[in-house]
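This report refers to the structure that appears directly beneath it.
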Amino acid sequence: MTRQWTNWLGNQTAMPDSIEAPADVAAVVDTIGAAVRKRQRIRVLSGGYCWSPLVPVDGLLLSMANLKQIRHIDTERCQLTVEPGASLRDVVLAAAKHGLSVKSPAMFLGLTIGGLIATGSHGTGRHSSTLGDAVVAFELVKPDGTVIRETQPGSDLWRAAMTNLGALGVLTSVTLQCEPLYNILEVHHSVPYLETASLIPATLRDHEFVSVFGSPSGPQANFKLGNRTERAAVKLKGRIHPTLKDNSSIITGSFLPRLAEKVPYMTQVMAAAMTEGIGTGPQVVSEPDFSHYQQIYPPCISSEFAIPIELAADAWAWVVQRLMQYWRSGIRPVNLVVHARFSSASHALIASAAGRQTCHLEVLCMDGNPHRDLFAQEFDEHMRTVFAGRPHWGKDIANPWRAAHTHGANMEQFLQMRHQIDPAQTFLNPYLRDDIFGLGRRVVRAVVAV
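Per my numbering: the sequence shown = residues 1 to 450.
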C-alpha cells in the first residue's frame, strides 16, 4: 500500500514506514509481530474522520479497511457482531433489516465502528451513552500477539477498551447489544436564539431524544426532539433519506468551501447543508431515520466538550452570548453551528461522558476560518474550568496536555491498565504519549523527585 496517509480534512498527515491492511485476525497478529520485531510504533487507522492527531505515526499504520465484515446477527438476543472497519451505515442497515436498532449511534453514517468506540463517540438519548457502552463482548489483539476475548461488560479491561484511543492494541471484533427496531415521534421547535438556554431543562424532562442547533448568523435556534411511539412510521419528508450514500459531499465538500472564502454568506449555506436532514416534523419516523440526519461532512473544524447535564443551560448561554459579542464586533470564530446533544453516563473509564449524565456541546466552523483560534482557546479553558468539561477525543482539542486531568482517577486507572498491556508503548504516538498522557512529563517529575 502507499505510504502516505491523510485524514478526510487534510489537517492530519503521516508518512509511516508502512501501511498494512490485514484481512483477518491471524494476519493482524502476524503484522503486529513483525512490527514489534522491528521496534516500530503502531497506530490503528479506521475511517479517517478524526480532527485530532490520534493516527499519525512514523512506524506502522495498521488499517482496518479489510476488517469490515458483519460476522453474526442474533435476533433472539438482539446482538450484532461486527469487525471494526465496518461503516456505521452498513451496521445500521444490517440491523434494521433484521428488525434491530443500534444503540446511541452517531449522526453521520460514514464513520466506522472501531473509530467510534476508540474515541468514545455517541449519539443523543437520555437512556444511551457512547457506542462502546453497547458492547457486550469484544476481541482484542494485544501488542504481544495474544488474542483476548472479553465477555464480561463492566470488567476492568472492558472499561478501558470501550474508549481506548487505539492505545491498547487492536480491536478485531465487537458484539453490540441492540434493541428491537422502534419508531420515534419527531417534533421541531424554533425559538429565539437567546431564549434557548432557559428551555433546555424542561425539554430534557419531556423528551428522550434532544438535539439543539444554533448559529450566531441567525436569530433562532432549533430543537429536534423525539419520544418513542407505537404509531406507524410515515414516509420521510423534509430530509434526504439517511441510507443514501453521501455523494453530494463531493460538491459540498470541495466546491462550496472555496466559494465561501470569497462570498461570506456562503457559510450560512454550508451550515444549512450540514443539517439538511434534520427534518421539519412533526412526524413519526423509524429510529435510524431520526438519528442519521447528517448527510455530508464538509471541511470544517469541530470542538466538543462533555459537561454535566445540570450545567447544560448555563454552558449554552455562555457560548451563545460570547459568540454574539464576537459577531457584533465583526469577528466570526464559529461560522457554522453550535450544537448540543444529551446522553446518559458512560461506564468507560475515559469516555467524555464517564460517570455522569452529559450534555455534549459542540462548536463548528469552516476549515481555514482566520478567527477560529481566538475562540478555541477560550472555549477550551471555559468549558474545563467553569463547567467541568471533558473534551471529545476525536475532535479538535486546543489544549491537549490538559485533557487527561479532566478524568482524574479514571485516567490513572486507564494508564495502569494500558501499561500492563503495552509496557513498551508500542501503540503510542508522540501526541498520545506526550501531549495527552504526559508520560514524558511524568518521567521528568519522577527524576526530579529522586
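Backbone N, C-alpha and C fix where the C-beta goes; we use that ideal spot for every residue, glycine too.
Where residue 192 is concerned, there is no enclosing alpha helix (DSSP H), although the beta strand (DSSP E) around it starts and stops at 183 to 192. The C-beta of residue 4 has fewer than 16 other C-beta atoms within 10 Å across all chains shown, which makes the residue exposed. Sequence-distant partners of residue 346 (beyond 5 residues in either direction) whose C-beta falls short of 6 Å from its own C-beta, in its chain, are 129, 130, 133, 353 and 354.
Of the residues 38, 32 and 200, the one whose Cα lies closest to the Cα of residue 222 is 200.
In this structure, the straight-line span from the alpha carbon of residue 101 to that of residue 397 is close to 32 Å. If you ignore the 5 residues before and after residue 437, its C-beta comes within less than 7 Å of the C-beta of 404 and 415, all in its own chain and listed in chain order. Excluding the 5 residues flanking it on each side, residue 363 has same chain C-beta neighbours closer than 6 Å at 303, 334 and 338, in chain order.
A straight-line Cα-Cα distance of about 33 Å links residue 182 and residue 51. Residue state for residue 410 is assigned as helix, using DSSP reduced to three classes. Taken atom to atom, the span from the alpha-carbon of residue 350 to that of residue 71 is near 28 Å.
In this structure, DSSP gives residue 97 a helical state, which the three-state scheme calls helix. Selection 301, 287 and 18 evaluated against residue 231 yields 287 as nearest (Cα-Cα). Between the C-alpha atoms of residue 191 and residue 219 there is a straight-line separation of about 8 Å. Measuring C-alpha to C-alpha distances from residue 53 to each of 86, 30 and 13 identifies 13 as the nearest.
For residue 221, the uninterrupted beta strand (DSSP E) run begins and ends at 220 to 229, by DSSP. Contact between residue 291 and residue 99 is ruled out by a C-beta separation of about 16 Å, above the 8 Å threshold. Closest in alpha carbon position to residue 94, among 68, 22 and 439, is 68. Straight-line measurement puts the Cα of residue 74 at about 15 Å from the Cα of residue 83. Distance from the CA atom of residue 412 to the CA atom of residue 119, rounded to whole angstroms, is 18 Å. Counting along the chain, no alpha helix (DSSP H) covers residue 427, and no H or E run does either.
The Cβ atoms of residue 390 and residue 306 sit closer than 7 Å to each other.
Per the DSSP secondary-structure output, residue 125 pairs in a beta bridge with 343. The residue from 195, 165 and 80 with its alpha-carbon nearest to that of residue 180 is 80.
When DSSP states are grouped into helix, strand and coil, residue 366 belongs to the strand group. In this structure, the beta-carbon distance from residue 85 to residue 112 falls below 7 Å. In the three-state scheme derived from DSSP, where H, G and I count as helix and E and B as strand, residue 331 is classed as coil. Within the DSSP secondary-structure output, residue 393 pairs in no beta bridge. For the 7 Å CB-CB criterion, residue 92 and residue 186 do not form a contact. The alpha-carbon of residue 361 is positioned some 16 Å away from that of residue 194. In the structure shown, residue 8 adopts coil according to DSSP, grouped into three states. Assignment of beta strand (DSSP E) within the region 24 to 76, counting only whole runs of 3 or more residues, yields 42 to 45, 60 to 63 and 70 to 74 in chain order. If you draw a straight line from the Cα of residue 371 to the Cα of residue 341, it comes to about 25 Å.
Within the DSSP bridge table, the entry for residue 213 names 222 and 339 as partners. Within 10 angstroms of the beta-carbon of residue 149 lie fewer than 16 other beta-carbons, which makes it exposed. Take the alpha-carbon of residue 366 and the one of residue 384: they are about 24 Å apart. Excluding the 5 residues flanking it on each side, residue 229 has same chain C-beta neighbours closer than 7 Å at 183, 184, 185 and 284, in chain order.
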